[in-house]
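Worksheet: the structure to be examined is printed underneath.
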Amino acid sequence: MLALTVPWWELILRAVIVYVFLVVLLRLTGKRQVGQLAPFDLVLLLVLSNAVQNAMNGGDNSVLAGVISATTLVLLNMGVGFATFKSNKLERLIEGQPQVLIHNGHLFTGVMERAMLTNHELHAALRQNGCLTVDDVHSAIMENNGAISVVSKRSVGG
Numbered sequence: 001m002l003a004l005t006v007p008w009w010e011l012i013l014r015a016v017i018v019y020v021f022l023v024v025l026l027r028l029t030g031k032r033q034v035g036q037l038a039p040f041d042l043v044l045l046l047v048l049s050n051a052v053q054n055a056m057n058g059g060d061n062s063v064l065a066g067v068i069s070a071t072t073l074v075l076l077n078m079g080v081g082f083a084t085f086k087s088n089k090l091e092r093l094i095e096g097q098p099q100v101l102i103h104n105g106h107l108f109t110g111v112m113e114r115a116m117l118t119n120h121e122l123h124a125a126l127r128q129n130g131c132l133t134v135d136d137v138h139s140a141i142m143e144n145n146g147a148i149s150v151v152s153k154r155s156v157g158g
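As structure tokens, this is what we get:
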């Protein structure tokens, strides 16, 4: 139960490699909040976690291997959080930058396409913020975390 079949340092190295790979992979695939996940996004995350499990534990299913891998992942995540807090350049690289979707009623379709944001998702965000059409919007911005911030023309006096 506690005996390792893989050296402890290999478990750490495997966890680091898988973590970095997943951060890069998920960063390249776009922005979405966890609360905004479509069913297929959730299925992808579940299958992805299962797919990389053996890559991380090297076939070692002991409790200690799980503890080492989990601790490594949590510490890596904390480290990345601290590093992005300290470095704006690293923050932009890992988390991305906010993107303007609408400005003064003008919709930037190219930004929507790059963000893989559907019209349905955009209009749902607009409705949640009291805007019925794009013309009602002063600005709509897709934030780093995938949330869409909307400022109506009414709120800025327009």
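Residue numbers (my numbering): 1 to 158. Quick reminder that beta carbons are idealized off the backbone N, C-alpha and C, glycines included.
What does residue i pair with, by DSSP beta-bridge criteria?
i, result
"residue 137", "152"
"residue 142", "99, 148"
"residue 44", "DSSP, once it has assigned bridges, lists no residue as partnering residue 44."
"residue 107", "102"
What's the C-alpha gap between residue i and residue j?
i, j, result
"residue 148", "residue 2", "46 Å"
"residue 128", "residue 152", "11 Å"
"residue 13", "residue 139", "44 Å"
"residue 45", "residue 38", "11 Å"
Between which two residues does the alpha helix (DSSP H) containing residue i stretch?
i, result
"residue 2", "Neither: residue 2 is in no alpha helix (DSSP H) and is coded neither H nor E."
"residue 122", "119-128"
"residue 7", "That residue, residue 7, is in no alpha helix (DSSP H); it is neither H nor E in DSSP."
"residue 71", "63-86"
"residue 116", "No alpha helix (DSSP H) holds residue 116; DSSP gives it neither H nor E."
Three-state secondary structure (DSSP) at residue i?
i, result
"residue 97", "coil"
"residue 132", "coil"
Take the Cβ of residue i as the centre, count every other Cβ of all protein chains shown within 10 Å, and call the residue buried at 16 or more, exposed below.
i, result
"residue 122", "buried"
"residue 116", "exposed"
"residue 109", "exposed"
"residue 72", "buried"
"residue 68", "buried"
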